[in-house]
Amino acid sequence: MSKFRLWDLNPEQQRAATHESGPLLILAGAGTGKTRTIVARITWLVSQGVPPSGILAVTFTNKAAREMKERIAGMLDSEKASEITASTFHALCVRILRTDADKLGYKNNFSIFDQGDQLGLIKKVINRVTSHDEKVDPGLAQNMISKGKNNGWNANDETAIGAVYNRYNRELRALNAMDFDDLLVQAVKLLDEHPGVREKWRSRFRHMLVDEFQDTNNLQLRLVSLLASDDPPNVCVVGDDDQSIYGWRGAEVSNILEFEKHFRNPEIIRLEQNYRSTNTILGAANRLIKNNPRRRGKNLWSPQEGGDPVHVVCVPDDKKEAEFVVNEIGALRTANNIPWEHFAIAYRMNAQSRLLEECLRRLRIPYRLVGGKSFFDRREVKDVLATMACLINPSDDVALLRIINTPPRGIGTTTVELALEHSAKAHKSLFETLTAPEFREQVSRKTAEAIRSFGDELASRRIRLLTPGADAAHIVSQFLGESGFFDDLKRSCKTPEEALNREGGAREILRALTDHQKRSNSGLQGFLDEMMLDRERDEDKKEEAKGVTLITLHAAKGLEFPHVFLLGAEDGLIPHERSKSEGTVDEERRLFYVGITRAMKSLTITHCLHRTKFGTAMYCRPSPFLQEIEGEGVLVESYEEIVNKPVAEQDIAASFASLREMLARD
DNA sequence: ATTGGTAGTATTTTT
DNA sequence: TACTACCAAT
Numbered sequence: 001m002s003k004f005r006l007w008d009l010n011p012e013q014q015r016a017a018t019h020e021s022g023p024l025l026i027l028a029g030a031g032t033g034k035t036r037t038i039v040a041r042i043t044w045l046v047s048q049g050v051p052p053s054g055i056l057a058v059t060f061t062n063k064a065a066r067e068m069k070e071r072i073a074g075m076l077d078s079e080k081a082s083e084i085t086a087s088t089f090h091a092l093c094v095r096i097l098r099t100d101a102d103k104l105g106y107k108n109n110f111s112i113f114d115q116g117d118q119l120g121l122i123k124k125v126i127n128r129v130t131s132h133d134e135k136v137d138p139g140l141a142q143n144m145i146s147k148g149k150n151n152g153w154n155a156n157d158e159t160a161i162g163a164v165y166n167r168y169n170r171e172l173r174a175l176n177a178m179d180f181d182d183l184l185v186q187a188v189k190l191l192d193e194h195p196g197v198r199e200k201w202r203s204r205f206r207h208m209l210v211d212e213f214q215d216t217n218n219l220q221l222r223l224v225s226l227l228a229s230d231d232p233p234n235v236c237v238v239g240d241d242d243q244s245i246y247g248w249r250g251a252e253v254s255n256i257l258e259f260e261k262h263f264r265n266p267e268i269i270r271l272e273q274n275y276r277s278t279n280t281i282l283g284a285a286n287r288l289i290k291n292n293p294r295r296r297g298k299n300l301w302s303p304q305e306g307g308d309p310v311h312v313v314c315v316p317d318d319k320k321e322a323e324f325v326v327n328e329i330g331a332l333r334t335a336n337n338i339p340w341e342h343f344a345i346a347y348r349m350n351a352q353s354r355l356l357e358e359c360l361r362r363l364r365i366p367y368r369l370v371g372g373k374s375f376f377d378r379r380e381v382k383d384v385l386a387t388m389a390c391l392i393n394p395s396d397d398v399a400l401l402r403i404i405n406t407p408p409r410g411i412g413t414t415t416v417e418l419a420l421e422h423s424a425k426a427h428k429s430l431f432e433t434l435t436a437p438e439f440r441e442q443v444s445r446k447t448a449e450a451i452r453s454f455g456d457e458l459a460s461r462r463i464r465l466l467t468p469g470a471d472a473a474h475i476v477s478q479f480l481g482e483s484g485f486f487d488d489l490k491r492s493c494k495t496p497e498e499a500l501n502r503e504g505g506a507r508e509i510l511r512a513l514t515d516h517q518k519r520s521n522s523g524l525q526g527f528l529d530e531m532m533l534d535r536e537r538d539e540d541k542k543e544e545a546k547g548v549t550l551i552t553l554h555a556a557k558g559l560e561f562p563h564v565f566l567l568g569a570e571d572g573l574i575p576h577e578r579s580k581s582e583g584t585v586d587e588e589r590r591l592f593y594v595g596i597t598r599a600m601k602s603l604t605i606t607h608c609l610h611r612t613k614f615g616t617a618m619y620c621r622p623s624p625f626l627q628e629i630e631g632e633g634v635l636v637e638s639y640e641e642i643v644n645k646p647v648a649e650q651d652i653a654a655s656f657a658s659l660r661e662m663l664a665r666d
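The first sequence begins at 1 in the numbering used here and counts up by one.
Okay, structure coming up:
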């Protein structure tokens, strides 16, 4: 018996949840109960007799997929719930490709390149194919390559970037590897060109639900189209064109704006009743987003009238801005007994978090920093993962390149360069090339010996690893220890504190592998897949941390906080200077809109007269968006007034109390 | 082969 | 300010 209850939903949500068949577009504004509606729809479908195994829910993040699974599990009995597929686009593609990639000339154990790996290969390729005068910026190239893949670019070798593109793709394939875009490209190709494979998956999924549809790119749309079997297709997409903020990453707002073009005669349902924010906040948001052309049009409303005014404060400089905001948070907390985790400070650029961190640390206020450099981007973590990848598959050239001289083993760049050249010519993996007797004749005796010893080490561990029931974590850990990895790690750190931290990072991965072995039998390969696609562990850790949230506007999408501070509302920051030259101010407006709509109870927006950029103070004009939100409930206040305002006696008493508490904690 | 110094550059980042 | 990429010295 399902726990699904229709009366928990408002009429529009109900209509969406109980839509019979054919395409369905749910335009779900911020805070309108989108996930609840999707989950309700899934439960409804099951209650109507749709087999759970025929339902596919696709999300962008592992976190979203996980949450969806959890919520489905709360609504259906566990057997049925576990049969429903809830997965990210990329994980779905990996699943499709792991069984049939050989039809495209890959081996099914292809390796997956994350952005770091990708950048590494791009740099290498640039050095190879471009002359010194036409050097391409690797970051830019990475961008172009991604766009190119999403749009089926057929590059010619005439231009520098075209040559890089082609060479990069050839090298990837030679390495039996795919980058994140390839996962989509190849999965689409597979389904497109192999009717057998296509039918296999089509017959499996009879109902598809896609979350955050405004963020889909060309390939993701094609993937959805290819998987949709029935006519009319049972494709239900949920999204909000006003929250499309990933255009620079290839997301096509047109997918949602022109949904009818891709799926005929859809039912379109708007969710406009907001359960998150006060009407004051929604008013500001609505006034802002109205200025965007090219949108479906939506007006968020809430039955909860009034609420605190939205404060707009101009502060002298970025340092004062941080102090002001942190002080406000402290005052609000003590005055109203609000826990730290009810506050979020949002900003455009990661660099803005520094002053805030300093300030919060000084006052001993707990905080969590979302985004920025990920645990998985830490050097030692990547090194350990690369070591594992090498042990599984020595032909994983990128992994091998990463660890071949980490720790230093006497196989330096000249040797590697030479081997790379040979391997490209012979179409052999780097490992094969290096260990071939004829290669060893071409290098010094010392180098040859270094290669031999490294190759032997790797091979012997590999054999042990392949033994059934092998303790992979132990083998890897032993290899790292004996090869001097940990010693080298410590040696390369400036402070003992950093050394401890780095070693901890490496150990953490080993521990994760141990955990994985306990709960899964997919082996080391399965573990690496999970690690590549999935930063769950990382996110979990961040979520555990309690305190004031520091977050970029991009990362804040989908989250909500009772009290939000939006910093740096300055012309040139948001909208970012670059967006103005690139003609993407609309997207910046949506970004600002996302920021505003995160707030439940109170919202304070600040902007500085001066901001230190690249070491020097620059004058800043307020963001034009500030004018657009002006209206009822938006209060422009002077900084001096607030700072000098007399503090109520009870607040003073409370401040002392909290101060004592903070000092006591130390 | 590895180290250290300096010069040039500078959003956002679900996978 | 801070990161990185490249070069020169050991």
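We put the beta carbon where it would ideally sit given N, CA and C, even for glycine. Just so it is clear, the structure is predicted and the values come from calculations on it, not from any experiment.
N-terminal and C-terminal residue of the beta strand (DSSP E) that residue i is part of
i    : result
T604 : A599 to K613
H311 : V310 to D317
H563 : F561 to L566
A86  : T85 to T88
V58  : I55 to T59
S353 : From DSSP, S353 is part of no beta strand (DSSP E) but of the alpha helix (DSSP H) over S353 to R362.
A436 : Where A436 is concerned, there is no enclosing beta strand (DSSP E), given that its DSSP letter is neither H nor E.
A177 : A177 to D179
8 Å contact criterion, which residue i and residue j should meet: CB distance rounded
i    : j    : result
L567 : E321 : 6 Å
I26  : A16  : 5 Å
A545 : R368 : 4 Å
C236 : Y639 : C236 to Y639, Cβ: 48 Å. No contact.
L385 : M531 : 6 Å
V443 : T406 : Not really, about 19 Å apart at Cβ, beyond 8 Å.
Whole-angstrom distance between residue j and residue i, CA atom to CA atom
i    : j    : result
D666 : P23  : Because the pLDDT of D666 is 43, which lies under 50, any placement of that residue in the model is unreliable, and the number read from its coordinates should be weighed accordingly. Roughly 58 Å separates the two Cα atoms.
W301 : F592 : 18 Å
G162 : A155 : 5 Å
R667 : I245 : Since the displayed the chain opens at 1 and closes at 666, residue 667 lies outside it and no answer follows.
E12  : L190 : 38 Å
L9   : S21  : 20 Å
E668 : R128 : Only positions 1 to 666 of the chain appear in this structure, which leaves residue 668 out of reach.
D192 : L223 : 9 Å
F259 : G615 : 46 Å
T88  : D179 : 15 Å
D215 : H90  : 14 Å
P233 : Q220 : 16 Å
M75  : V210 : 19 Å
Y347 : G595 : 9 Å
Where the alpha helix (DSSP H) containing residue i begins and where it ends
i    : result
P407 : Taken as a continuous stretch (DSSP letters only), P407 belongs to no alpha helix (DSSP H), as it is neither H nor E.
M144 : P138 to N150
T447 : R445 to L466
I112 : Element bounds for I112: not the alpha helix (DSSP H) but the beta strand (DSSP E), S111 to F113.
M68  : N62 to A73
D669 : Any property of residue 669 remains undetermined from this structure, which presents the chain solely from 1 to 666.
G196 : P195 to R204
P11  : P11 to A17
Residues sharing a beta bridge with residue i, DSSP
i    : result
T616 : K613
C236 : L24 and L209
I269 : I26
R589 : According to DSSP, which records beta bridges pairwise, R589 is partnered with nothing at all.
T552 : Y347
P671 : The chain is shown from 1 up to 666; residue 671 falls before or after that span and cannot be answered.
W301 : Q273
V634 : V310
Y367 : V548
A386 : Per DSSP, none; premise fails for A386.
H576 : G572 and L573
Is it a yes or a no for the stretch 374–383 touching the stretch 331–347, going by three-plus beta-carbon pairs under 8 Å? no
Tell me, please, whether the stretch 346–360 touches the stretch 311–330 by the rule of three or more beta-carbon pairs shorter than 8 Å. yes
Inspect the CB distances between the stretch 280–292 and the stretch 44–55 and report whether three or more fall short of 8 Å. no
Given 8 Å, three or more beta-carbon pairs between the stretch 617–624 and the stretch 560–579: yes
Flag this pair as touching only if the stretch 194–207 and the stretch 48–57 have three or more C-beta atom pairs under 8 Å; answer yes or no. Flag = yes, the stretch 194–207 and the stretch 48–57 touch.
Taking 8 Å as the cut-off, does the stretch 430–439 touch the stretch 393–401 (at least 3 CB pairs, one atom from each stretch)? yes
Should the stretch 449–464 be regarded as contacting the stretch 472–479, the criterion being three or more beta carbon pairs within less than 8 Å? yes
Does the pairing of the stretch 522–531 with the stretch 544–562 give three or more beta-carbon distances under 8 Å? no
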